[in-house]
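Numbering (the working numbering), first residue to last: 6 to 349.
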């Protein structure tokens, strides 16, 4: 926080009274228009330590006082007006920068303000060098283009809007119209998550990455979206939601949760998964989802099969009880799974 001297405020309010305090500070009260403005400053250094207007604490900046002065000149005096004046207007970020901001909060544990500042100010290459957001946004965009049957022009303008915020507005309106015709937008969103997840598996099959995931007990992440649990699956929403916002759709997480578990039920029924032992047999035999998996990744999972199975069960039991119970009660799922046919 910048250090402001009490002398900086003199020209904004010359009619004031002061009350020196025993602790070496001084309270200055000034009427600025209709506002009672208070500043507490250190007598020795003149540094301002506290500001308020009508008992509402303000950021310690000269800009705060200027805004109060402007409100006073207009004869405005309300808490709402004060709050609006004191709330910094943040520049709207494009979808890529929003995703980068969320990635820094989620993975780097930055606070929201620091993440916003970096997402706003860093160039795209610098952002990508430490967030790797593009590697997940691109497959999401490709999947969306496929399901919405976008033209080459529409795809390029959508991509331009996502990465720079400069897409053609008329073209974007046409894309939004196509999105509006999707009947089950929640299931559509889950499908995009699945595509992003599959792409991640394809791109993270190196020896170094597999070893890291082994050491971190995260090999379960190399199984299909339906087996990693909703808590894990929804982490990739940080890449998908900013794009959906461009398309004019903001889903509710509760609805996505419901559709995710419907998809899990469909998956279990479609592959006749009786229990966790069935999942183990699928991995060992390279069947179902695992039949198209990169051979190196599949071989690694087979070598660590007992660890993979323990991680799948533990993760679901601790983080997604609904999916865990569905695996345990296949007969119920088997008789009902056809109602969950994936269509949107």
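For every residue, glycine included, the Cβ atom is placed at its ideal position computed from N, Cα and C.
This one's a predicted model, so the numbers in the text were calculated from it and none came from an experiment.
Here the C-alpha atom of residue 242 lies approximately 22 Å from the C-alpha atom of residue 161.
Beta-bridge partners of residue 56 (DSSP): 44.
In the DSSP assignment, residue 24 falls outside any alpha helix (DSSP H) and within the unbroken beta strand (DSSP E) covering 21 to 25. The beta carbon of residue 12 is closer than 7 Å to those of 51 in its chain, skipping five residues each way along the sequence.
Residue 194 and residue 307 have their alpha carbons spaced roughly 31 Å apart. Ranked by Cα distance from residue 269, the first of 230, 207, 291, 280 is 230. For residue 34, the beta-bridge partners assigned by DSSP are 22, 43. A buried status is given to residue 200, since no fewer than 16 other beta-carbon atoms sit within 10 Å of its beta-carbon. Ranked by how close their Cα comes to the Cα of residue 97, the residues 122, 75, 79, 114 have 122 in first place.
Between the alpha carbons of residue 117 and residue 292 lies a gap of roughly 43 Å. Less than 8 Å divides the Cβ of residue 100 from the Cβ of residue 250. For residue 328, the closest alpha carbon among the candidates 278, 112, 298, 137 is that of 278.
Spanning the alpha carbons of residue 27 and residue 48 requires a straight line of approximately 11 Å. CA-to-CA, the gap between residue 46 and residue 53 works out to about 4 Å.
DSSP, read as helix, strand or coil, puts residue 10 in strand.
With contacts defined as CB atoms closer than 8 Å, residue 131 and residue 108 fail to qualify as a contacting pair. Looking from the CA of residue 237, the closest CA among 31, 198, 164, 165 belongs to 198. Taking one beta carbon from each stretch, the region 173 to 193 and the region 206 to 218 have fewer than 3 pairs nearer than 8 Å; the two do not touch.
Restricted to the region 257 to 321, the alpha helix (DSSP H) segments that are unbroken, complete and at least 4 residues in length are 258 to 275, 281 to 290, 300 to 308, listed in chain order.
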